[in-house]
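Chemist: Sequential numbering of the sequence shown, starting at 1, is according to the UniProt record's numbering.
Note that CB positions come from ideal geometry on N, CA and C, so glycine has one too.
Predicted model, so just to flag it, every value in this text is computed and none were measured.
One structure follows; several queries about it will come next.
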Amino acid sequence: MIIGSDFLVTGQYGVRLVRQHTKHMLLTFILDFTDTADYWMFPYESPSLTHDLEEAWETVKPLYELLHAYVRRRLRDFYGPEKINRRAPLPAHVLGNMWGQSWSHIFDISQPYPGRDFLDVGPEMIRQGYSPVDIFRLAEDFFVSMNFSALPLDFWSGSLLQEPADRVVLCQPSAWDFCNREDFRIKMCTRINMKDLITAHHELAHIHYFIQYRNLPKVFRDGANPAFHEAIGEAIGLSVGTPRHLQALGLVQTSVDDSAVNINYLYMMALDKVAFLPFTYLMDKWRYDVFKGDIYKDQYNCHWWRLSELYTGIKPPVLRSEMDFDPGSKYHIAANIPYMRFFVSTLLQFQLYRALCRAAGQYDSLNINQPLHKCDIYRSKEAGLVLRRLMEKGSSLPWNEVLFQAIGESRLDGNAMREYFRPLEDWLRNENLRTQEYVGWVYDGDYCKQSIETAGLQVYGGFYNGAYAALQSYTVLIISIWASISLYILKR
């Protein structure tokens with residue numbers, strides 16, 4: 001078992017991907033599922049999964065809309081009002097990522113408090129002479145401090161923790177379970193920077209998950225659902241990046257508790273995690289519609305952009321048509337890899353982190369002096385106990401039972417993410433009120449047509465804020481005008 005991990009598509013390549021998608025749908029019927037959507041949802045063991053996911057998204061949506069409105073204003077200030085409309089969806093190509101799934105690359109032009117940078121301990125790690133092995137020793141100490149066992153010696157001899165000088169290797173960080181109950185390894189070309197410090201802890205979370213369920217029958221040696229592994233690793237990362245933890249490591253010499261720095265830090269996190277959430281949802285929402293036959297091949301591309309507008313408030317940079325197959329630009333769609341686990345893990349990580357912080361006595365929703373984003377579970381035996389309870393069951397029980405036994409919750413809950421970002425959400429709300437920014441988005445033109453050359457007035461898109469009804473009225477008006485002109489010509 002391995003844990004670890006693209007352009008607008010047109011022409012013949014897009015046609016091949018559409019055909020491949022259709023064959024995958026036919027194969028699923030042989031496996032006795034109604035369709036591929038049912039097959040992909042099966043590991044979550046929940047008859048109400050579709051409803052639960054939609055409900056979780058609706059919980060987080062107000063935070064996303066506040067972030068979207070603020071980012072749109074900052075981009076409008078940067079590029080000019082003639083390029084960025086104050087009420088329209090955002091063009092995908094100005095967000096620093098070709099799919100608009102992460103906005104972290106526009107932090108420098110949109111940060112709330114320029115110059116009030118949050119912590120980056122990379123230079124200090126270099127000054128102190130850290131090596132890749134040192135980084136993983138720190139990560140090991142994090143888990144040992146919570147009463148986990150030290151890693152076996154074979155882990156250190158078998159893992160690849162830095163890029164070898166004598167050959168080229170794939171450097172994507174990954175954790176490996178060789179399924180013999182004793183051989184666990186990591187492959188990662190570790191750099192001495194803060195990102196890789198957090199990634200090392202994330203990958204070791206996978207290793208400890210492997211170790212905790214290693215004595216279960218092979219069929220149960222997996223995460224409680226497809227999102228659990230990633231969610232636990234990300235929850236650990238939330239703790240490692242806090243100033244309190246970095247100070248405990250001796251990488252920060254003085255305490256940093258400044259409201260401007262905190263808002264910048266949470267904003268940077270939101271550009272990565274909050275902005276990612278609706279994209280993860282629409283990825284498989286689109287595929288479920290395809291698999292269930294709710295849309296047909298001649299609607300694939302335009303339906304993609306309808307969902308993009310509806311859930312993310314993002315539109316294509318140029319007019320698209322059904323001659324294009326833009327979903328296929330994402331590897332996970334071309335390779336038929338389910339994506340809903342990223343939606344679930346993005347929400348679940350905050351739910352787990354909240355529970356761990358409560359166990360550690362470092363979070364109280366009623367105490368403004370104990371905000372969730374400042375919690376560090378390092379050295380908390382109580383948090384370690386909760387974490388082991390989550391891990392040791394593997395997939396031997398339905399995930400909601402594993403969750404309930406460990407933290408007393410049995411459903412996916414978007415409120416934990418809202419609680420983590422509460423200081424930022426309050427700041428965004430006040431800032432958008434101050435600048436009288438419109439929150440939400442309104443359809444503002446053609447995004448996708450059946451055929452750019454022959455579509456005429458047939459438009460796809462605009463399913464937000466009543467734009468669909470307006471589009472229907474517009475179509476009826478055009479038909480009426482055309483009928484009147486035809487009747488006039490016939491009379492002549």
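1) Is the beta carbon of V144 closer than 8 Å to that of L161?
2) Can you grab the Cα-Cα spacing for the pair residue 562 / P217, in whole Å?
3) Distance check for E234 and Q349, CA to CA, integer angstroms please.
4) Between the alpha carbons of L66 and V121, how many angstroms are there, rounded?
5) Ignoring anything shorter than 4 residues, give me the alpha helix (DSSP H) runs that lie fully in the region 88-121, in order along the chain.
6) Please classify Q405: is it buried, with 16 or more other beta-carbons within 10 angstroms of its beta-carbon, or exposed?
7) Does the separation of the CB atoms of L53 and R418 fall below 8 Å?
8) Can you name, in chain order, every residue of its own chain whose Cβ lies under 7 Å from the Cβ of S365, other than the five neighbours on each side?
9) What is the DSSP secondary structure of K292, counted as helix, strand or coil?
10) Quick check: what's the CA-CA separation for M125 versus P243?
11) Do N225 and residue 541 count as a contact pair if the criterion is CB distance below 8 Å?
12) What distance in whole Å lies between the Cβ atoms of V274 and F118, which are believed to be in contact at a cut-off of 8 Å?
13) Please work out which residues of its chain come closer than 8 Å, Cβ to Cβ, to D258, disregarding the five sequence neighbours upstream and downstream, and give them in chain order.
14) Work out the CA separation of L385 and R379 for me, nearest whole Å.
15) Can you list the alpha helix (DSSP H) stretches of 4 or more residues lying completely in the region 178-203, in chain order?
16) Let me know the alpha helix (DSSP H) ranges lying completely inside the region 252-277, each 4 residues or longer, listed in chain order.
17) If we ignore side chains and look at the alpha-carbon of each, how far apart do D284 and A139 end up?
18) Smallest Cα separation from F184: which of R214, S131 and R167?
19) What's the C-alpha gap between S329 and L352?
20) Given a threshold of 16 other Cβ atoms within 10 Å of its Cβ, counted over all protein chains shown, does F279 qualify as buried or as exposed?
21) How about D190 and I236: are their beta carbons less than 8 Å apart?
22) Quick one: Cα of A150 to Cα of D141, how far?
23) Kindly indicate which residue of K381, L428 and E401 has the alpha-carbon position closest to the one of N147.
24) At the level of alpha carbons, what is the spacing between V219 and L153?
25) Rounded to a whole number of angstroms, what is the C-alpha to C-alpha distance between D324 and R76?
26) So what does DSSP say about P73, is it helix, strand or coil?
27) On a CA-only basis, which of A200, I198, R341 and D222 is nearest C209? Give me that one, please.
28) Classify P169: buried if its beta carbon has 16 or more other beta carbons within 10 angstroms, exposed otherwise.
Modeler: Inspection of the coordinates gives the following:
1) Locating residue 161 in the sequence shown gives position 161, counting from the first residue. Locating residue 144 in the sequence shown gives position 144, counting from the first residue. No. Outside cutoff.
2) Summary: the structure shown does not reach residue 562, with the chain confined to residues 1 through 492, and so no result is reported for it.
3) One-based indexing of the sequence shown puts residue 349 at position 349. One-based indexing of the sequence shown puts residue 234 at position 234. So the two alpha carbons sit approximately 6 Å from each other.
4) Stepping through the sequence shown from its first residue, residue 66 is reached at position 66. Stepping through the sequence shown from its first residue, residue 121 is reached at position 121. Spanning the two alpha carbons is a distance of roughly 30 Å.
5) Complete alpha helix (DSSP H) runs here, min 4: 107-110.
6) Stepping through the sequence shown from its first residue, residue 405 is reached at position 405. Answer is exposed; the Cβ neighbour count stays below 16.
7) Sequence index remark: in the sequence shown, residue 53 carries index 53 (1-based). Sequence index remark: in the sequence shown, residue 418 carries index 418 (1-based). Not in contact: L53 and R418 (Cβ atoms no closer than 8 Å).
8) Here residue 365 refers to the residue found at position 365 of the sequence shown. Hits under 7 Å: E419.
9) Taking the first residue of the sequence shown as position 1, residue 292 is located at position 292. Coil at K292, not helix or strand.
10) Looking up residue 125 in the sequence shown gives position 125. Looking up residue 243 in the sequence shown gives position 243. Approximately 15 Å between the Cα atoms of the pair.
11) Residue 541 lies beyond the stretch modelled for the chain, which goes from 1 to 492, so this question has no answer here.
12) Position 118 of the sequence shown holds residue 118. Position 274 of the sequence shown holds residue 274. At roughly 16 Å, the Cβ-Cβ gap does not stay under 8 Å, so F118 and V274 are not in contact.
13) Counting from 1 along the sequence shown, the entry for residue 258 is found at position 258. Cβ neighbours of D258 beyond the five flanking positions: R116.
14) As a working note, residue 379 is residue 379 in the sequence shown. As a working note, residue 385 is residue 385 in the sequence shown. For R379 and L385, the gap between their C-alpha atoms comes out near 12 Å.
15) Within the region 178-203, no complete alpha helix (DSSP H) run reaches 4 residues.
16) 259-273
17) Reading the sequence shown from its first residue, position 284 is the one you call residue 284. Reading the sequence shown from its first residue, position 139 is the one you call residue 139. Using only the alpha carbons, I get a separation of about 34 Å.
18) By one-based count along the sequence shown, residue 184 stands at place 184. For the residues R214, S131 and R167, the minimum Cα distance to F184 belongs to R214.
19) To locate residue 329, count along the sequence shown from 1; it is residue 329. To locate residue 352, count along the sequence shown from 1; it is residue 352. Taken atom to atom, the span from the alpha-carbon of S329 to that of L352 is near 32 Å.
20) For the purposes of this step, residue 279 is identified with residue 279 of the sequence shown, where counting begins at 1. Under this definition F279 is a buried residue.
21) Within the sequence shown, numbered from 1, the residue matching residue 190 stands at position 190. Within the sequence shown, numbered from 1, the residue matching residue 236 stands at position 236. The residue asked about is misnamed: residue 190 is Thr in this sequence, not Asp. Against a cut-off of 8 Å, the Cβ pair of I236 and T190 comes out as no contact.
22) Locating residue 150 in the sequence shown gives position 150, where the first residue counts as 1. Locating residue 141 in the sequence shown gives position 141, where the first residue counts as 1. Straight-line Cα distance between these residues: approximately 8 Å.
23) As a position in the sequence shown, residue 147 is number 147, starting the count at 1. Selected option, being the one with the closest Cα: K381.
24) Position 219 of the sequence shown, counting from 1, holds the residue named residue 219. Position 153 of the sequence shown, counting from 1, holds the residue named residue 153. V219 and L153: Cα-Cα distance of roughly 26 Å.
25) In the sequence shown, the residue the question calls residue 324 occupies position 324. In the sequence shown, the residue the question calls residue 76 occupies position 76. Rounded to whole angstroms, D324 to R76 spans 29 Å at the Cα level.
26) Here residue 73 is taken as the residue at index 73 of the sequence shown, counted from 1. The residue you asked about is not Pro; residue 73 is Arg in the sequence shown. Here R73 sits in helix by DSSP.
27) For this step, residue 209 is matched to residue 209 along the sequence shown. With the sequence shown as reference, residue 209 is identified as Tyr, and Cys is not the correct amino acid for it. D222 is the residue among A200, I198, R341 and D222 whose C-alpha sits nearest the C-alpha of Y209.
28) Looking up residue 169 in the sequence shown gives position 169. Sequence check: residue 169 is Val here, not Pro. Exposed, because fewer than 16 other Cβ atoms sit within 10 Å of the Cβ of V169.
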